[in-house]
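Since the structure comes first, as structure tokens, the remarks are kept for the end.
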Amino acid sequence: GQTIRAGDKVVMWYVSGNRDERMFDDPGAFRIERENVRKHISFGFGIHRCMGNRLAELQLRILWEEILARFERIEVVGPPVRTPSVFVKGYTELPVRVVPKG
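Okay, so the sequence shown: first residue is 8 according to the working numbering, each after it adds one.
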């Protein structure tokens with residue numbers, strides 16, 4: 008822990024979220040199959056949890072169901088382009104090729 012005294016300035020550094028080696032094995036790797044995947048703080052935590060969290064999850068589930076129903080596979084064909092931000096870690100582009108079923 009860290010002692011915060013009256014008058015100290017505090018900054019929330021979103022980029023450091025989910026990087027605690029005590030919480031996540033190999034925190035720099037993208038692994039959605041982690042046993043404790045629900046403990047990530049991408050959507051906040053507790054009373055500060057994002058109200059749109061479940062909507063975002065639902066949208067992604069529907070998106071992948073529809074994509075997988077129509078395409079045999081998706082191949083990454085180029086390097087990802089990261090979002091230039093200290094507020095959020097994400098991507099703006101990921102070149103892919105989709106292979107139709109049949």
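Cβ atoms here follow ideal geometry from the backbone N, Cα and C, with glycine treated the same way.
Item                                                                                                           : Value
Cβ pair count under 8 Å reaching 3, the stretch 13-25 against the stretch 47-54                                : yes
Of the listed residues Asn43, Arg56 and Ala36, nearest to Met30 (C-alpha basis)                                : Asn43
Sequence-distant residues of the same chain with beta carbon closer than 8 Å to Pro107, five excluded per side : Arg77, Phe78 and Glu79
Best match in Ala36, Glu73 and Asp33 for proximity to Val105 [C-alpha to C-alpha]                              : Glu73
Those runs of the alpha helix (DSSP H) which lie wholly inside the stretch 43-76 and span at least 4 residues  : none
Through-space distance from Gly14 to Leu65, alpha-carbon basis                                                 : 42 Å
Residues near Gly85 by beta carbon distance below 7 Å, same chain, minus five either side                      : Pro102
C-alpha gap between Lys16 and Ser92, whole angstroms                                                           : 21 Å
Inter-residue spacing [alpha-carbon to alpha-carbon] between Ile54 and Ala63                                   : 18 Å
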